[in-house]
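Below you'll find the structure, written out as structure tokens, and then a few comments.
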Amino acid sequence: MASQRLKRGMRGALTASAIIAMVSTSPAPAIAQPPAGNTESDALKRYNDLNKQAEVVNEELNKAKDDKDAKQAELDKATADLTAATQAKDAAAATEEQFRGQVENLSSASFRGARFNKLSALLTGTSAQDFLDRSSALNVLATDNNKALSELHKAVTTAADSATKAADAQKRATEARDAAAKLQADIEARSKDLQKQINEVKSAANRLSAADKATLKGTEDTGVYIGGPGAAGAAVNAALSRRGDPYVWGGAAPGGFDCSGLTSWAYKQSGLTIPRSSRAQFGVGKSVPLNALQAGDLVFYGSSAGSIHHVAMSLGGDKIVHASTYGKPVAVTTVRGGGSDVFAAKRIVG
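Residue 185 in this note's numbering sits at position 165 of the sequence shown, and the numbers go up by one each step.
Here it is in structure tokens:
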């Protein structure tokens with residue numbers, strides 16, 4: 021009996037060993053993995069990258085519009101200068117003609133048969149009084165002739181100067197007109213590029229999960245900030261009053277702003293006009309260190325002046341208010357919250 025139990029135990033052990041061996045050598049069932057590049061964090065990263073690209077194109081478009089407006093102003097100035105120079109030239113030509121005739125008449129005229137010199141008056145005079153009378157008349161004629169000669173010279177000089185100014189104004193007007201036409205073509209091309217970028221951003225936004233959207237929105241800063249006195253303070257208060265307004269590419273009015281649209285609108289409310297685009301805004305004011313920011317200073321983002329793609333308004337210290345990016349409303353955040361590539365700052369007033 022003991023021998024049989026031993027045999028049965030050995031058979032059971034062998035069977036268990038076989039089962040274990042079969043399980044260990046069988047291929048493991050495949051565990052489904054999320055497709056590469058399709059996780060929530062990757063989706064958000066892709067969305068942010070697209071948004072940044074769109075923001076760059078948007079600011080390039082704004083800069084092109086700034087440049088076109090500047091060229092249009094140059095064209096208007098040159099056209100006005102051309103009109104004024106042409107009118108001055110025509111008036112000088114008329115004056116020249118008038119005094120040229122007067123000089124010719126005086127030069128060839130005689131007074132009662134006398135030539136224009138006192139010796140002639142003395143020799144032809146019948147008395148001392150006659151000589152004095154003739155001399156007085158000759159002095160008047162000589163004075164008139166000198167005056168006419170002076171006016172003629174002035175008219176000739178004015179006409180020549182006006183002609184030069186008219187030619188310069190015509191040249192400037194032509195150059196400004198050609199430059200404006202090229203910028204218009206550039207604007208149209210950038211507008212198409214921006215629309216393509218916008219479509220991609222919106223498509224990416226639709227793929228964001230609820231968690232991604234929550235991360236994108238971040239924590240709302242509802243703190244109370246006071247801009248202070250002066251134009252800078254008024255601009256800060258204006259910008260803060262738009263917290264919650266959505267980001268809109270090309271937006272520059274309540275109801276929707278892009279980054280430079282908010283800063284330019286805010287300063288306009290304070291009575292100051294600054295350029296529309298972030299890159300053009302970088303060209304005004306004076307530079308200030310990033311560790312000495314005051315309320316109203318403009319904070320710029322990019323790797324260099326030529327690559328600025330974002331601008332925010334400082335609230336002083338480490339806080340800014342800005343129109344961040346599509347999908348995020350105008351809000352208060354930290355300086356680094358505006359972008360890790362914070363570049364420089366400018367003080368518009370004060």
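From the three backbone atoms N, C-alpha and C, an ideal C-beta is built for every residue, glycine too. From a predicted model like this one, the values you see are computed outputs, not experimental measurements.
Here A98 carries a helix assignment [DSSP, helix/strand/coil].
Put simply, the region 338 to 346 does not touch the region 301 to 312. Fewer than three CB pairs are less than 8 angstroms apart.
Annotated three-state conformation of I340 is strand, per DSSP. When secondary structure is reduced to three states using DSSP, S327 falls in the helix class. Per the Cβ contact rule, the region 91 to 107 is not in contact with the region 250 to 262 (fewer than 3 Cβ pairs under 8 angstroms). Assignment of R367 by DSSP, reduced to helix, strand and coil, places it in the strand class.
Here DSSP, grouped into helix, strand and coil, assigns K306 to strand.
Judged by beta-carbon spacing, T345 lies beyond the 8 angstroms limit of D241, meaning their Cβ atoms are not closer than that value. With a beta-carbon spacing of about 6 angstroms, S182 and A112 fall inside the 8 angstroms limit used to define contacts.
Rounded to whole angstroms, the gap between the alpha carbons of Y287 and I294 is 7 angstroms.
Check the Cα spacing between V350 and each of Q314, K237, S323: the tightest is with K237. By the Cβ criterion, the region 270 to 279 is not in contact with the region 307 to 318, since fewer than three pairs of Cβ atoms, one from each stretch, lie closer than 8 angstroms.
Rounded to the nearest whole angstrom, the CA to CA distance from S297 to R120 is 56 angstroms. At the C-beta level, I207 and L95 stay beyond 8 angstroms of one another. When only Cα atoms are considered, A200 and V77 end up about 19 angstroms apart. Close CB contacts of K185 within its chain, under the 6 angstroms cut and outside five residues either way in sequence, are with A105 (chain order). The C-beta separation of L292 from V369 comes to about 7 angstroms, placing the pair in contact by the 8 angstroms criterion. In the three-state reduction of the DSSP assignment, A351 falls in the strand class. For L236, the enclosing alpha helix (DSSP H) stretches over residues 230 to 237.
Distance check between T239 and each of K174, Q314, R367, K348 places K348 closest, using alpha-carbon atoms only.
In the three-state reduction of the DSSP assignment, L335 falls in the strand class.
G358 is not a Cβ neighbour of G316, given a cutoff of 8 angstroms. Beta-bridge partners of V244 (DSSP): none assigned.
A straight line joining the alpha-carbon of A180 with that of A205 spans about 38 angstroms. The Cβ neighbour count for N226, taken over all protein chains shown within 10 Å, is under 16; the residue is labelled exposed. The DSSP-derived three-state label of A315 is coil.
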